[in-house]
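Read through the structure below, which is laid out as structure tokens, and then see the notes.
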């Protein structure tokens, strides 16, 4: 192959050279950007397999090791029909059980039966029967739990070979605050090559709408919140005071 | 042809041969990094299905000795067999999964997987509420706390499909579906072509690009031949529903680790099993139904 | 038998002699091969982690080169059909050279598969009867049969013809014509099977498209004859072998048609992906436009498209009746299709993973060296084969009369 003119040869050399430079650059850039991440053993990771109950929600004296019965205090305490902020022994309780926000929805209002639960239809239940108490509202969840579709299990799926240990409601759920507390996730898996990237932008429009914060709606199901220092509605010693703050 | 030219040719040839051998030897120098000559017994070992009981026992003894030599740990390798009228299935409640990744780490500890990045059998995907859009899934979410607002979490592991594409494509039958539904790998038969890894629509397989990285004190000594025994380099591995546990009647490690009880496992042939209850009473779905793999891993919601 | 041994002896002797250009070329190739061997030894010891591959992108440069080279090997049939079926005189003279190219390229294919597998020591598991061969279930098993069968067919045809020529006898048609016909069908099959290997995977939408196998064939019938055109011109320049221009221009026609068909298929594919706009388009988006900061293949694929379009335009213009423009067009087609049918076909199927994770791939230096070593080995093998074959075909090297 011989070039007829030196100009054409120069042109061919220039095109060839430019092509080579382009390929070389693309190669170098793509290889350099994907340096392998070190493949090294990862540090110790503490895996805590306990349930996610909120910390610090036990009764304070009880937590300090005292044994007592509810009735020891509640034999003559006034009974409040409306919810109020907890004081004293109950001040560390985190309370959020949905619409179910009266003590006596679950605890028996009768001072003589203060050491028992009460079902929705008014029957007293001993404290040991807490599963039945939860089930009186959460029927479907209770059914799922009985059949193994709700709750934690350990041990044997094959009952001929061994027992399955099943946790009951209050092992995982704080009855006063049954929703799990958020927990810290264990570290992401990592990648051997290149940076770990987040997901791509979602296809649909709906996720964007879902991510816009909504204005808080007042919870009309609950009664007005009452300042603990104000007198409860029952006694009404300061009836002439202004309306309790919402 | 005179004597002188033959001698010169001979000398030239000799020099060329010496130079050739020397340069090939120099090129092969890295091979000195191999740990000793290859083990002939291991090299000639038959496929799992063709081993006699004696050969299997010998292989297990050899593997246990190798683990002792490498990690200084006394491991036991059991070979539990599938039971009749047993077919395993898994169900996962997306409504309660919080995305804490405890399942992935429990799996890692149980199954002696490499601690190198990204080797876990279980991937937990963080997805945007409003759809199951795998492409927008975040594998590397790391907020202070989970669950995050507007997100839900979907752990994915081997679905033990009834039509497993990975089994279909293996050129040497090194991976197959057991009668109880678990897709296993013969680590001593796999040639490492990674065709199964390309075929899996759930990205459930992991390849040992090099020897698994694991500290001796983190080795789980109770192992199964087809599941969590220490793996060599250059072979494929995957989730086996912890068959060394589940064939003995126990729950898989990931299920026991789940703090919210999102996971359920059982025998499809047992009408009273947990899994049957879920399949009959919950609206379950499988991931990527359109690829026709017929998974035995079901997702459902109850909230 | 004595004859055959003396044939082999003469061939080996011939392979080791030549002028300074031959020695320089062979020394250069040997050096590259040794570099590749050294890199492969490192890979054997440390494992495939010395490559750029990962669980996310589990096939890379090795398989990309493999799929490309399968196409080149299959393209020998584009010489065989006109030469044997249509009795094209000019091509009949060079058909053996094309078949020898297929032999060398198939050896490269097998080497690329060999370096890609994690346990090459267990290669015997793949041998039917001794190992466990998943046939007909696995397309990889089909591919093993297809490639080795095609290698044997071509080795037999060329070996027989050259040996007979050396002995000064007329080849018996019954000894090679059936195999020639078989090799025509077989050539189509090696490429089809290799394409099926990829398109049969439902979990990889980028591959799972019926247009890929025909497109595979079209691009192979462009790049393969393109490579043959270049090699024939080098042979013509470097040896006394006469290659007629009409042979080259017949190949030019074949390449032109194949390039046009290839571009049409590319257009169909791109249209379906992007106009539909389903979730499956994401791999194609990665290939052509990149996904955010993940865009390593973008310059490559546009380079490939540019090269392919330029090559097609050149081939369609009367310019390529001049050999230097034909050469240019062939080089463009070879490189363009190498990018498009290699990395451009393999890597995007893995990005993102079936679970939506975006991890990129680029070959490491070690991996590149191994690949270059295999290419150099193929070039060396082809040089040796041609070096032996040409004097025998020309009749300057033959059995001494007893």
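Protein chains in written order, with this note's numbering: chain A, 58 to 303; chain B, 244 to 546; chain C, 4 to 405. Ideal Cβ positions, reconstructed from N, Cα and C, are used throughout, including at glycine.
* **Proximity test, Cβ basis, 8 Å: residue 436/B and chain C** => Your numbering for residue 436/B matches position 193 in the second chain. Yes, because at least one Cβ of chain C sits closer than 8 Å to the Cβ of residue 436/B.
**Study point:** Anticipated Cβ contact below 8 Å, residue 79/C with residue 157/C, distance rounded
**Key:** For this step, residue 79/C is matched to residue 76 along the third chain. For this step, residue 157/C is matched to residue 154 along the third chain. The C-beta distance from residue 79/C to residue 157/C rounds to 7 Å, short enough to fall under 8 Å.
Q) Closer than 8 Å, CB to CB, is residue 488/B near chain C or not? A) Translated into the one-based positions of the second chain, residue 488/B becomes position 245. So no, residue 488/B is outside the interface.
* Asked: Nearest to residue 403/B by CA position, among 541/B, 433/B, 313/B and 258/B, is which residue?
  -> The sequence position of residue 403/B within the second chain is 160, counting from 1. Nearest in C-alpha terms to residue 403/B, of all of 541/B, 433/B, 313/B and 258/B, is 541/B.
Starting from residue 496/B, trace the alpha helix (DSSP H) both ways and give me its first and last residue.
Mapped onto the second chain, residue 496/B falls at position 253. Following the DSSP letters along the chain, one finds residue 496/B inside the alpha helix (DSSP H) bounded by residues 496–500.
ask   = Helix, strand or coil for residue 338/B per DSSP?
value = Indexing the second chain from 1 puts residue 338/B at position 95. Coil.
* Asked: Can you find a CB in chain C that lies within less than 8 Å of the CB of residue 539/B?
  -> Residue mapping note: residue 539/B aligns to position 296 of the second chain, counting from 1. Cβ-Cβ to chain C under 8 Å: no for residue 539/B.
*What separation, rounded to the nearest whole angstrom, lies between the Cα atoms of residue 278/A and residue 390/B?*
By 1-based counting over the first chain, the position of residue 278/A is 221. By 1-based counting over the second chain, the position of residue 390/B is 147. In this prediction, residue 278/A has a pLDDT of 46, which is less than 50 and means its spatial position is unreliable; what the coordinates show is noted afterwards. Taken atom to atom, the span from the alpha-carbon of residue 278/A to that of residue 390/B is near 26 Å.
Per-residue burial, residue 163/A [other beta carbons within 10 Å of its own, 16 or more giving buried]: The sequence position of residue 163/A within the first chain is 106, counting from 1. Counting the other Cβ atoms within 10 Å of the Cβ of residue 163/A gives 16 or more, which makes it buried.
| said: Using 8 Å as the cut-off, can you tell me whether the segment 327–344 of chain B makes contact with the segment 525–541 of chain B, which would need three or more C-beta pairs spanning the two stretches below that distance? | reply: Cβ pair count under 8 Å is three or more, so yes.
### Query
Residue range of the beta strand (DSSP E) that residue 321/B falls in?
As a position in the second chain, residue 321/B is number 78, starting the count at 1. For residue 321/B, the uninterrupted beta strand (DSSP E) segment begins and ends at 319–321.
Alpha carbon to alpha carbon, what distance is there between residue 193/C and residue 441/B?
Indexing the second chain from 1 puts residue 441/B at position 198. Indexing the third chain from 1 puts residue 193/C at position 190. Those two C-alpha atoms are separated by around 20 Å.
Q. What residue range is occupied by the uninterrupted alpha helix (DSSP H) comprising residue 307/B?
A. Taking the first residue of the second chain as 1, we reach residue 307/B at position 64. The continuous alpha helix (DSSP H) containing residue 307/B extends over residues 296–314.
How about residue 323/C and residue 93/C: are their beta carbons less than 8 Å apart? As a first step, residue 323/C is located in the third chain; it is residue number 320 there, counting from the start. As a first step, residue 93/C is located in the third chain; it is residue number 90 there, counting from the start. No; because the gap between Cβ atoms is not below 8 Å, this pair is not in contact.
query: Going along the segment 342–371 of chain C in order, which residues come within less than 9 Å of chain A, judged by CB to CB distance?
result: Listed by position along the chain: 355, 359, 360, 361, 362, 363, 364, 365, 366, 367, 368 and 371.
**Q.** is_contact[residue 250/A, chain C] using C-beta, thresh 8 Å
**A.** Against the first chain, residue 250/A aligns to sequence position 193. Closer than 8 Å to the CB of residue 250/A there is at least one CB belonging to chain C.
* DSSP three-state call for residue 457/B: helix, strand or coil? -> Within the second chain, residue 457/B is the residue found at index 214, counting from 1. Correct three-state label for residue 457/B: coil.
Note to self: With a threshold of 8 Å between beta-carbons, can residue 244/A be considered close to chain B, or not?
What the structure shows: Position 187 of the first chain, counting from 1, holds the residue named residue 244/A. Taking Cβ atoms only, chain B reaches closer than 8 Å to residue 244/A, which makes this a yes.
task: Using the DSSP secondary-structure output, state which residues sit across from residue 399/B in a beta bridge.
output: Counted from its first residue, the second chain places residue 399/B at position 156. Residue 399/B is bridged by DSSP to 366/B.
Buried versus exposed, by CB contacts within 10 Å (16 or more), residue 250/A: Counting from 1 along the first chain, the entry for residue 250/A is found at position 193. Buried.
| said: Pull the bridge partners of residue 480/B from the DSSP assignment, please. | reply: As a working note, residue 480/B is residue 237 in the second chain. Paired residues: 449/B.
Can you check which of these residues, 478/B, 496/B, 475/B and 544/B, is closest to residue 485/B by C-alpha distance?
Here residue 485/B is taken as the residue at index 242 of the second chain, counted from 1. Out of 478/B, 496/B, 475/B and 544/B, 496/B has the C-alpha closest to the C-alpha of residue 485/B.
Report yes if the C-beta of residue 149/C is less than 7 Å from at least one heavy atom of the ligand PLP; otherwise report no.
Although the ligand PLP was asked about, the structure shown includes no ligands whatsoever.
Is there at least one Cβ from chain C nearer than 8 Å to residue 291/A's Cβ?
-> Translated into the one-based positions of the first chain, residue 291/A becomes position 234. Model confidence at residue 291/A stands at a pLDDT of 41, short of 50, so the residue's coordinates are unreliable; what they give is reported in the following sentence. So, not an interface residue.
Next item on the list: List the residues of chain B that residue 166/A touches, going by C-beta distances under 8 Å, in chain order.
Entry: Taking the first residue of the first chain as position 1, residue 166/A is located at position 109. By Cβ distance, chain B contributes nothing, its closest Cβ being about 31 Å from residue 166/A, past 8 Å.
- Do you know how far the Cα of residue 241/A is from the Cα of residue 182/A? Along the first chain, read from residue 1 onward, the residue named residue 182/A stands at position 125. Along the first chain, read from residue 1 onward, the residue named residue 241/A stands at position 184. A straight-line Cα-Cα distance of about 37 Å links residue 182/A and residue 241/A.
Original post:
Which residues in the same chain as residue 521/B place their Cβ atom closer than 6 Å to its Cβ, once the five residues preceding and following it in sequence are excluded?
Top reply: The residue given as residue 521/B occupies position 278 in the second chain. Taking C-beta separations shorter than 6 Å and ignoring five residues to either side along the sequence, the partners of residue 521/B in its chain run 334 and 507, following chain order.
According to the neighbour-count rule (16 or more other Cβ atoms, all chains shown, within 10 Å of its Cβ), is residue 533/B buried or exposed?
For the purposes of this step, residue 533/B is taken as residue 290 along the second chain, with counting starting at 1. By the 10 Å Cβ count, residue 533/B comes out exposed.
*For the alpha helix (DSSP H) that residue 298/C lies in, which residues bound it at each end?*
Taking the first residue of the third chain as position 1, residue 298/C is located at position 295. Per DSSP, residue 298/C belongs to no alpha helix (DSSP H) and is neither H nor E.
**Asked** Going by beta carbon distance, what residues of the same chain come within less than 7 Å of residue 318/C, once the five residues before and after it are set aside?
**Response** On the third chain, residue 318/C is found 315 positions in, with the first residue counted as 1. If we look at residue 318/C and ignore the five residues flanking it on each side, its Cβ neighbours are 255, 258, 259, 262 and 332.
* Asked: How many angstroms separate the CA atom of residue 256/A from the CA atom of residue 111/C?
  -> Position 199 of the first chain, counted from the first residue, corresponds to residue 256/A. Position 108 of the third chain, counted from the first residue, corresponds to residue 111/C. If you draw a straight line from the Cα of residue 256/A to the Cα of residue 111/C, it comes to about 39 Å.
message = Tell me which residues of the segment 389–423 of chain B have at least one Cβ-Cβ distance to chain C shorter than 9 Å, keeping chain order.
response = Cβ contacts with chain C: 399, 408, 410, 411, 412, 413, 414, 415, 416 and 417.
* **Cβ of residue 291/C within 8 Å of any chain B Cβ** => As a first step, residue 291/C is located in the third chain; it is residue number 288 there, counting from the start. Not one chain B Cβ lies under 8 Å of residue 291/C.
**Request:** Select from 56/C, 8/C, 35/C and 51/C the residue whose C-alpha is nearest the C-alpha of residue 475/B.
**Result:** As a working mapping, residue 475/B is identified with position 232 in the second chain. In terms of CA proximity to residue 475/B, 51/C leads the group 56/C, 8/C, 35/C and 51/C.
Check: DSSP on residue 391/C, reduced to helix/strand/coil?
Finding: Reading the third chain from its first residue, position 388 is the one you call residue 391/C. Helix at residue 391/C.
Taking only beta-carbon atoms, is residue 369/B less than 8 Å away from chain C?
Position 126 of the second chain, counting from 1, holds the residue named residue 369/B. Among the residues facing chain C, residue 369/B is not included, as its CB has no counterpart in that chain under 8 Å away.
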